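Working notes, beginning with the structure itself.
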């Protein structure tokens, strides 16, 4: 190719790329109030979520309303009381996965290295306790080809557990040990000590209730995954397998009353593979089909669209004025 031809190709490429840039900027301008700007994670009443890999905020229930997009990039995200956790894979010769804890303005305050594909994230209501889950490959005991690593970080003490698989587990009241134990989908109670999660072992999944200070967990029931505790602490929403994985609808969202242990299927008929979050004490929200939806937690009503092109929903809450409580027990057992 001659020098003139190369110059012509380069000029055309520059024009084409410039056109893409202008088109993208115009689209972003129509879609967002402030792309790359600051999103206040503690601005109560705002819905936080991930769009196109960046953390954003909007008014709940306004699918076509204005959206503010930050410069914080995450594959999975959650926030409460001005503390956020951003689970992200950083590119490089060997890609690295991190759980990055951020303040209310999205500024990094701590990171914990992990490995694998970001999958779940949670922050306790006070902002003190943080958890994340990643899918990993290569564990020889796992015949399915992948397993999970779930970490927990106490932001007050700075103590981090990169993988909680060594927690003392009890099934049917007996101490349980197996090489294939995997945990995922942690959700915290208001005392920052009690939590719920999923454990899988030998082809079965269990809902477990954990005690962070004593570093132990006990199975409550089978077939309940990715729990999410209601703000009032009385109910859990989880996904339950209702059909084989090969079926078009293998999962169904259910609510569990912790006082009676009675479960209720929710009105969302589609299969939802997500850890739901609570919009309020009566409503849960979740990612489905690239959007965020909501449905009543009592089994009635019908699903409604909250936001388009969104995932990892969380309702922003302001930090409480009082100090943190709970989780004061010694960690020496670990």
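Residue numbers (mature numbering (1 follows the signal peptide of the UniProt record, and there is no 0)): -25 to -1, 1 to 309. Positions of the beta carbon are idealized from the N, C-alpha and C atoms, including for glycine. All values derive from a computational prediction rather than experimental measurement.
Beta-carbon gap between residue i and residue j smaller than 7 angstroms
i: residue 212; j: residue 251; result: yes
i: residue 109; j: residue 76; result: no
i: residue 269; j: residue 283; result: no
i: residue 259; j: residue 285; result: no
i: residue 233; j: residue 290; result: no
i: residue 249; j: residue 262; result: yes
i: residue 136; j: residue 122; result: no
i: residue 341; j: residue 40; result: Since the first residue shown for the chain is -25 and the last is 309, residue 341 is missing from the structure and cannot be characterised.
i: residue 96; j: residue 107; result: yes
i: residue 246; j: residue 224; result: yes
i: residue 52; j: residue 288; result: no
i: residue 99; j: residue 186; result: no
i: residue 56; j: residue 219; result: no
Selected residue, minimal CA-CA separation from residue i, among the options
i: residue 184; options: 160, 34 and 206; result: 160
i: residue 70; options: 241, 243, 131 and 93; result: 93
i: residue 73; options: 32, 127, 265 and 281; result: 127
i: residue 16; options: 38, 37, 50 and 60; result: 60
i: residue 132; options: 141, 148 and 102; result: 102
i: residue 292; options: 54, 38, 37 and 225; result: 54
i: residue 163; options: 19, 220, 236 and 188; result: 188
i: residue 172; options: 13, 57, 36 and 197; result: 197
i: residue 143; options: 194, 20, 57 and 178; result: 194
i: residue 312; options: 170, 192 and 168; result: The first residue shown for the chain is -25 and the last is 309, placing residue 312 beyond what the model contains.
i: residue 178; options: 20, 230 and 153; result: 153
i: residue 138; options: 174, 84, 165 and 151; result: 174
i: residue 181; options: 190, 200 and 165; result: 200
i: residue 215; options: 221, 230 and 222; result: 230
i: residue 14; options: 84, 149 and 78; result: 78
i: residue 228; options: 271, 236, 170 and 22; result: 271
i: residue 125; options: 82, 62, 145 and 83; result: 62
Under the three-state DSSP convention, the category residue i falls into
i: residue 236; result: coil
i: residue 198; result: coil
i: residue 289; result: strand
i: residue 191; result: strand
i: residue 243; result: coil
i: residue 140; result: helix
i: residue -4; result: With a pLDDT of only 31 at residue -4, under 50, the local geometry of the prediction cannot be trusted, and no value is derived from it.
i: residue 6; result: Interpretation of residue 6 is limited by its pLDDT of 35, a score under 50 that renders its predicted location unreliable; no figure is taken from the coordinates.
i: residue 117; result: Confidence at residue 117 is low in this model, with a pLDDT of 46, below 50, so the placement of that residue is unreliable and no value is reported for it.
i: residue 158; result: strand
i: residue 186; result: strand
i: residue 221; result: coil
i: residue 21; result: coil
i: residue 164; result: coil
i: residue 227; result: strand
i: residue 295; result: coil
i: residue 210; result: strand
i: residue 153; result: coil
i: residue 126; result: strand
i: residue 315; result: Outside the displayed span of the chain (-25 to 309) sits residue 315, for which this structure offers no information.
i: residue 16; result: coil
i: residue 132; result: coil
i: residue 177; result: coil
i: residue 203; result: strand
Beta carbon proximity, residue i to chain D, threshold 7 angstroms
i: residue 76; result: Going by chain labels, chain D is absent from the structure shown, which holds only one protein chain.
Residue i CB to nearest heavy atom of the ligand ATP below 6 angstroms
i: residue 241; result: Ligands in the displayed structure: none, and consequently the ligand ATP is not present.
Does the stretch 225 to 243 touch the stretch 273 to 289, meaning 3 or more C-beta pairs lie closer than 8 angstroms? yes
Which runs of the beta strand (DSSP E) spanning at least 3 residues fall entirely within the stretch 34 to 115, listed in chain order? 42 to 48, 51 to 55, 58 to 65, 71 to 77, 83 to 89, 92 to 98 and 104 to 112
Kindly confirm or deny that the stretch 18 to 28 and the stretch 89 to 109 touch, where touching means at least three C-beta pairs closer than 8 angstroms. no
Would you list, in sequence order, the uninterrupted beta strand (DSSP E) runs of no fewer than 3 residues that lie entirely inside the stretch 251 to 291? 252 to 255, 258 to 263, 266 to 271, 279 to 282 and 286 to 290
Contact between the stretch 58 to 66 and the stretch 33 to 46: three or more CB pairs below 8 angstroms? no
How about the stretch 149 to 158 and the stretch 203 to 210: do they share at least three Cβ pairs that are nearer than 8 angstroms? no
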